[in-house]
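Right, one structure below, let's go through it.
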Amino acid sequence: MTVTDLVSYEDALASYDPVMGLEVHVELGTRTKMFCGCATAPGAPANSQTCPTCLGLPGSLPVVNATAVESAVRIGLALNCSIAEWCRFARKNYFYPDMPKNFQTSQYDEPIAFDGYLDVQLEDGEVFRVGIERAHMEEDTGKSTHIGGATGRIHGASHSLLDYNRAGIPLIEIVTRPITGAGERAPEVARAYVAELRELIRALGVSEARMEMGQMRCDVNLSLMPKGAQAFGTRSETKNVNSLRSVERAARYEIQRHAAVLDGGGVIVQETRHFHEDDGSTTAGRVKEEAEDYRYFPEPDLVPVAPDRAWVEELRGTLPEPPRVRRNRLREEWGISEHEMQSVLNAGALDPILASIAAGAPADQARKWWMGELARRANEDGVELSALPITPEQVARVCALVAEGSLNDKLARQTIEGVLAGEGDPDRVVEARGLKVVSDEGALGTAVDEAIAGNQAIADKIRGGKVAAAGALVGAVMKATRGQADAARVRELILERLGVQG
Amino acid sequence: MTDLTRLTAAQTAERVAGGEVTAVEVAEAHLARIAAVDEKVHAYLHVDREGALAAARAVDARRAAGEPLGPLAGVPLALKDIFTTEGVPTTVGSRILEGWLPPYDATLTKRLKDAGVVILGKTNMDEFAMGSSTENSAYGPTGNPWDLTRIPGGSGGGSAAALASFQAPLAIGTDTGGSIRQPAAVTGTVGVKPTYGGVSRYGMVAFSSSLDQGGPCARTVLDAALLHEAIAGHDPLDSTSIDAPVPAVVEAARHGDVRGLRVGVVTEFSGEGYQDGVMRRFTESVELLRELGAEIVEISCPSFTKALAAYYLIAPSECSSNLARFDAMRYGLRVGDDGTRSAEDVTALTREAGFGAEVKRRVMLGTYALSSGYYDAYYGSAQKVRTLIARDFQRAFESVDVLVSPTTPTTAFPIGERADDPMAMYLADLCTIPSNLAGNAAMSLPCGLAPEDGLPVGLQIIAPAMADDRLYRVGAAVEAAFHTRWGHPLLEEAPVL
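So the protein lines, in turn, are chains A and B.
Position one of the first sequence corresponds to residue 559 (our numbering), numbered consecutively onward.
Position one of the second sequence corresponds to residue 66 (our numbering), numbered consecutively onward.
This is the structure:
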């Protein structure tokens, strides 16, 4: 591989303005596929969720999934788009073995939703409006696994395995208008847009939009134009950039690479590029010497989709509060800073925190656990917060045990550890590990007496008025009770026994 | 003893229901007839002897158990090899699907089975229904029972020839540009293209999705109506299927009547290229309609002259996309997969070997017509012509109830005569194509023999969409009058095979 020259990010931005276009594919979470009744659950054995239609068998015909159309309309409305009064599917013709019919049923010049925008908030609170050109419905292809090649790519493979379970899964492709004027913040805008879109999709309940599972996939199109110029430069299309961080890195890398090519007097080739997670670079894929001719034409096997206006308005009424608005409201309710809120978002902790609050936990407690102990653990394990083996309800239960005085901070921590270790619900862990705060005054009294007896010198100091020395005795009691005592109560008892006012 | 193969479907069903004959006896008589004559005719690509007898036995068992039988229970049928049949070969007349055993039944196949119809086998056809002579079948041509050296029409030549040679009283065809009506015309049988969306396309291998329509083929108008009713009706598996009651076609076929009916004669369907004998029989038919009480009106549909051109852009465009799935990956033929070649190469080699010349010609035409830069000029213009044709029909049906024309400009031509002249072949569908483009209903029924060659001539009746019953009302009246005039059905005059 040739080493790619890069210009420093700052230098690149000093000479050029970036123009971005983001194309995001979202797999809808419908129970059945876009054009047939096959199941969509992930993880099924290869080719077990197929039928004549999604295998493209001769004679088979598609029927549109009404839930998918509804999801598309809701997404369109949430993106402030106009909803087509009448639109058709179109066939996108090209040959590829994982495409059963060798055409993809998609939409071409009649998307179901068009002309919208999404306001995204950057880390410092600035709001940037991203124009939405269109959102259209289409079907996913099957999945090829290339065997025998070094890279998992088709080049060098001895054979390929095809799984058509994914073929026909409903997709919504959301295409932005060219994003201009973001300047040096372009990569941040890209990330914030994809993050906001993901939140929106989740809030709509139309998909879990888990990027690591391919439920949401992003292509980053980028070009540079000399500062002050009006005409866009030639773009590169970086495909399948599948995490928020990668979206930002890919945009940044392409800015630096384009600048190097342009500075060197070269020309940008319009091509697709592959993004590499390991070093954040991109490499050339297929060169688009001439625009591929997909020979689109209206799909004759499907009747046009004509969303009833009253129904569209009814759906508008079901839209959730926009994620950005909701976040700002919660931030104010919780009384935390932009920065703290951003940390919550970055950690993917918003939903778990809200779920714990819904389960009865005080907001600050829920935030404390999810952003503290649990965030640290997720980070260590390299998983998303939501993937930890603890539920928001369990966290809420721990908060309740602390509030009623059954657990102190340290014991609560151990309880959570137990839940994460698969030892069961918090109550069960407390029981099995014997973690309850020792509140039996008799047992505690004995421990205090023993501590005083064993540390007469310190006891004398306290009696002499050195109240601060009580800490040492508290420590001794806590040690004796293996941390299960309420430290504040222990201190009270010690001072009481020694006849000193606290 | 009655020759069971000479009965109509209605007669057969009546006798099976009345216990005069068993469904198995009827099936065996037809299987014997097939064994005796099909070597000469080649109407069938595949005879499903076991399946047919099992279906017949099931009908007999139901009768024995006192269960009610449908109006076609126990009647044998020849199924065009374009409808999928679970576990029974379905080739569409192409090498590319040789050996494929579909894992599912077409909706039409299912409905036939549910009706107790006994499917004898799958009939020959032009490859992917592309042709007007059945010469484009990868499995050899079919002979016209009136003269085995002539074509039986196409693409459904096998179905029409099976009827005309008494190898089945009923058959199924598909009509994209005339593939039911033109074979019916040249074999002296009855064929109906129902309103587009009237019969489910689910499980019918697609040629041109917006034009393809399955329909009934029979020897009488009533039989066609009985079959029409059995296969028609809404199917949730076909989005383009019409969700409305099926027109009362059987009722109409039982009460043929044209009194007071306004019949339009399309002036564009005459002139150069129309055989004298065909026009003579057609003129007689119009006279007959007048005698029977119809009012005859001359109607001009100027856009019809552009129908053939529009058709040969739309049909190839859709077929270029529909046939893309035959890539050797999942089913059917696979050529050149020796472990060294890429999937792309194997696909190319398979399509090269598996498709015939006419299929390739149309795939190439369609690919070109849909190409960026040409789309508007070709596909786009063709769609505009389609709209104009629909308007011509609409205007015509404001002043008449049905339109009539010859079904096809000439009688059956000799096998091989037009094989190397696609344009000449395409002209066979001149009169039938407008109805496909407009999606309305049309029928062809026998109206006599051309004096110069003694071959059958077809009369085409066209009705507005969802007025399929009009075809049968008019058809039944014309058929009855002709039978009275001739003293017998036309097929009685066909040579004995």
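Glycine included, each C-beta is placed from N, C-alpha and C at the ideal position.
Quick caveat, the model's predicted, so the values are computed rather than measured.
Whether residue i touches residue j by CB criterion (8 Å)
i: B:N209; j: B:T172; result: no
i: A:I670; j: A:V631; result: yes
i: B:V424; j: B:F193; result: yes
i: B:T415; j: B:L398; result: yes
i: A:F855; j: B:Y444; result: yes
i: A:S794; j: A:E812; result: yes
i: A:R853; j: B:L435; result: yes
i: A:V584; j: A:M774; result: yes
i: A:L1056; j: A:A1017; result: yes
i: B:V183; j: B:A120; result: yes
i: A:H883; j: A:A924; result: The question names His, but residue 883 of chain A in the sequence shown is Val. Not closer than 8 Å, so no.
Opening and closing residue of the beta strand (DSSP E) in which residue i lies
i: A:D939; result: That residue, A:D939, is in no beta strand (DSSP E); its alpha helix (DSSP H) goes A933 to D939.
i: A:R887; result: A:R887 -> not in any beta strand (DSSP E); alpha helix (DSSP H) instead, spanning P881 to W892.
i: B:R483; result: It is not in any beta strand (DSSP E) - B:R483 carries neither H nor E in the DSSP assignment.
i: A:G776; result: As written in the sequence, residue 776 of chain A is Cys, which differs from the Gly given in the question. Segment M774 to P784, the beta strand (DSSP E) holding A:C776.
i: B:A309; result: Element bounds for B:A309: n/a, residue is neither H nor E.
i: A:S794; result: S794 to V799
i: B:I30; result: With chain B covering 66 to 562 only, the question about residue 30 of chain B has no answer from this structure.
i: B:K258; result: V255 to K258
i: A:E829; result: E829 to F833
Status (buried if at least 16 other CB within 10 Å, exposed otherwise) for residue i
i: B:P479; result: exposed
i: B:A393; result: buried
i: A:I705; result: exposed
i: B:W211; result: buried
i: A:W928; result: buried
i: B:M531; result: buried
i: A:M559; result: Unreliable positioning characterises A:M559 in this predicted model, as indicated by a pLDDT of 40, which lies under 50. A coordinate reading is not provided.
i: B:Q525; result: buried
i: B:S244; result: buried
i: B:E544; result: buried
i: A:D749; result: Reading the sequence as shown, one finds Arg at residue 749 of chain A and not Asp. Counting Cβ neighbours within 10 Å, A:R749 comes out buried, since at least 16 surround it.
i: A:R649; result: buried
i: A:D836; result: exposed
i: A:R1040; result: exposed
i: B:K175; result: buried
i: A:G791; result: buried
i: B:G262; result: buried
i: B:P381; result: buried
Extent of the continuous alpha helix (DSSP H) run through residue i
i: B:I454; result: S446 to S464
i: B:F347; result: D341 to E356
i: B:N387; result: A372 to N387
i: A:H816; result: L802 to D821
i: B:A75; result: A74 to A82
i: B:G431; result: A422 to A434
Opposing strand residues paired with residue i [DSSP bridges]
i: B:E109; result: This sequence places Tyr at residue 109 of chain B; Glu is not what is there. Looking at the DSSP assignment, B:Y109 forms a beta bridge with B:T188.
i: A:Q662; result: A:K650
i: A:F855; result: A:R649
i: B:E235; result: Checking the displayed sequence, the identity of residue 235 of chain B turns out to be Leu instead of Glu. In the DSSP output, where bridge partners are listed per residue, B:L235 has B:L142 and B:A283.
i: A:I737; result: A:M578
i: B:Q525; result: B:S470 and B:S509
i: A:D721; result: A:K701
i: A:A693; result: A:A671 and A:I732
i: B:S224; result: BP columns for B:S224 are empty, so no partner.
i: A:E951; result: Its beta-bridge partners do not exist; DSSP assigns none.
i: B:D212; result: B:N209
i: B:D494; result: B:D494 pairs with nothing; no bridge assigned.
i: B:L276; result: Answer is none; B:L276 lacks a bridge partner.
Residue i beta carbon near the ligand NAD (any heavy atom closer than 7 Å)
i: B:E151; result: This structure does not include the ligand NAD; it has no bound ligands of any sort.
Any contact of the segment 497–513 of chain B with the segment 243–250 of chain B, i.e. 3+ C-beta pairs under 8 Å? yes
Check whether the segment 809–826 of chain A and the segment 609–618 of chain A are in contact - that is, three or more C-beta pairs closer than 8 Å. no
With contact counted as at least three CB pairs below 8 Å, one residue from each stretch, are the segment 359–369 of chain B and the segment 573–591 of chain A in contact?
no
Counting Cβ pairs closer than 8 Å, one from the segment 126–135 of chain B and one from the segment 227–240 of chain B, do we hit at least three? no
Contact between the segment 901–921 of chain A and the segment 866–878 of chain A: three or more CB pairs below 8 Å?
no
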